[in-house]
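Engineer:
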Amino acid sequence: MDVKEKYFASLRKKNLRITKARKAMIEVLQDNHLTFKEIQNRLAEKGFTNVSTVYNNLDFLIEQKIAVELYIDDTKYYDLALDNPMHNADSHVHVIIKDTNQITEIANPNIFSFIKSQPEFDDLTVDYIRITIAAKKKK
Ligand SMILES: [Zn+2]
Numbered sequence: 292m293d294v295k296e297k298y299f300a301s302l303r304k305k306n307l308r309i310t311k312a313r314k315a316m317i318e319v320l321q322d323n324h325l326t327f328k329e330i331q332n333r334l335a336e337k338g339f340t341n342v343s344t345v346y347n348n349l350d351f352l353i354e355q356k357i358a359v360e361l362y363i364d365d366t367k368y369y370d371l372a373l374d375n376p377m378h379n380a381d382s383h384v385h386v387i388i389k390d391t392n393q394i395t396e397i398a399n400p401n402i403f404s405f406i407k408s409q410p411e412f413d414d415l416t417v418d419y420i421r422i423t424i425a426a427k428k429k430k
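Residue numbers (our numbering): 292 to 430.
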């Protein structure tokens, strides 16, 4: 199943409406980490120019744990949260490549199991793991 179809299915399962604007927002966020301004611009290109609709739908997607907010270098980005079990609303590892400000993800579940297997967590349940790594291109 296409990634965005998974998101639509998850909304449907909860009996939530998949409006055109919500659909467009999920499409815009797929494979992207965007600031609010960038989301707004891309949605405007698709004909969704009402800023409060953008705000409301983004809030809605965050509430439904379909989108997440990420703070990277004091900038807030938005990202889809369900695309794989290891990059969900609660746990993700992001890499920011400083030369280009590009954000990528490490989608290796072993990282999460390794962290959770540390003796410090023997008596604890981990709520979330959020890691941001800054990197530069090797010269
Ligand atoms: Zn991400």
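Beta carbons are placed, not taken as given, at the ideal position from N, Cα and C, and that holds for glycine. A quick note: this is a predicted structure, and the numbers were derived from the prediction, not measured.
Please determine whether the Cβ atom of Glu296 lies at a distance below 6 Å from any heavy atom of ligand 1.
Structural biologist: Along the sequence shown, read from residue 1 onward, the residue named residue 296 stands at position 5. It does not: the Cβ of Glu296 is nowhere closer than 6 Å to a heavy atom of ligand 1.
Engineer: Any C-beta of chain B sitting closer than 7 Å to the C-beta of Ser301?
Structural biologist: Included in the structure is just one protein chain, with no chain B present.
Engineer: I'd like the list of long-range same chain contacts for Ile397, defined as Cβ closer than 6 Å, with 5 residues on each side in sequence excluded.
Structural biologist: Position 106 of the sequence shown, counted from the start, is the residue given in the question as residue 397. Contacts found: Val384.
Engineer: Tell me whether Glu396 counts as near ligand 1, meaning its Cβ is closer than 6 Å to at least one heavy atom of that ligand.
Structural biologist: Taking the first residue of the sequence shown as 1, we reach residue 396 at position 105. Indeed, a heavy atom of ligand 1 lies less than 6 Å from the Cβ.
Engineer: Taking the alpha-carbon of Asn401 as reference, which of Lys356, Glu318, Gln409 has the nearest alpha-carbon?
Structural biologist: Counting from one through the sequence shown, the residue named residue 401 turns up at place 110. Answer by Cα proximity: Gln409.
Engineer: How would you call Ser382, buried or exposed, if buried means at least 16 neighbouring beta carbons within 10 angstroms?
Structural biologist: Here residue 382 refers to the residue found at position 91 of the sequence shown. Classification of Ser382: buried, given that the 10 Å Cβ count is 16 or more.
Engineer: Need the endpoints of the alpha helix (DSSP H) that Asp350 sits in, please.
Structural biologist: Sequence index remark: in the sequence shown, residue 350 carries index 59 (1-based). 342-354 is the extent of the alpha helix (DSSP H) around Asp350.
Engineer: Along the chain, which unbroken stretches of the beta strand (DSSP E) at least 3 residues long are found entirely within the segment 370-423?
Structural biologist: The qualifying runs are 382-388, 393-396.
Engineer: Terminal residues of the continuous alpha helix (DSSP H) containing Ala363?
Structural biologist: One-based indexing of the sequence shown puts residue 363 at position 72. Sequence check: residue 363 is Ile here, not Ala. Element bounds for Ile363: not the alpha helix (DSSP H) but the beta strand (DSSP E), 358-363.
Engineer: Who are Ala426's beta bridge partners in DSSP?
Structural biologist: Against the sequence shown, residue 426 aligns to sequence position 135. According to DSSP, Ala426 bridges with Ile388.
Engineer: For Asp370, verify whether its CB is less than 6 Å away from any heavy atom of ligand 1.
Structural biologist: Counting from one through the sequence shown, the residue named residue 370 turns up at place 79. Yes, the beta carbon of Asp370 sits closer than 6 Å to at least one heavy atom of ligand 1.
Engineer: Out of curiosity, what's the CA-to-CA distance linking Gln393 and Val359?
Structural biologist: The residue labelled residue 393 in the question sits at position 102 within the sequence shown. The residue labelled residue 359 in the question sits at position 68 within the sequence shown. If I take the Cα positions, the gap works out to 17 Å.
Engineer: With a cut-off of 8 Å, do at least 3 Cβ pairs link the segment 311-319 to the segment 348-363?
Structural biologist: Yes, since at least three Cβ pairs between the segment 311-319 and the segment 348-363 fall closer than 8 Å, the two stretches touch.
Engineer: Taking the beta carbon of Val417 as the centre, do at least 16 other beta carbons fall within 10 Å, making it buried, or is it exposed?
Structural biologist: Indexing the sequence shown from 1 puts residue 417 at position 126. Under this definition Val417 is an exposed residue.
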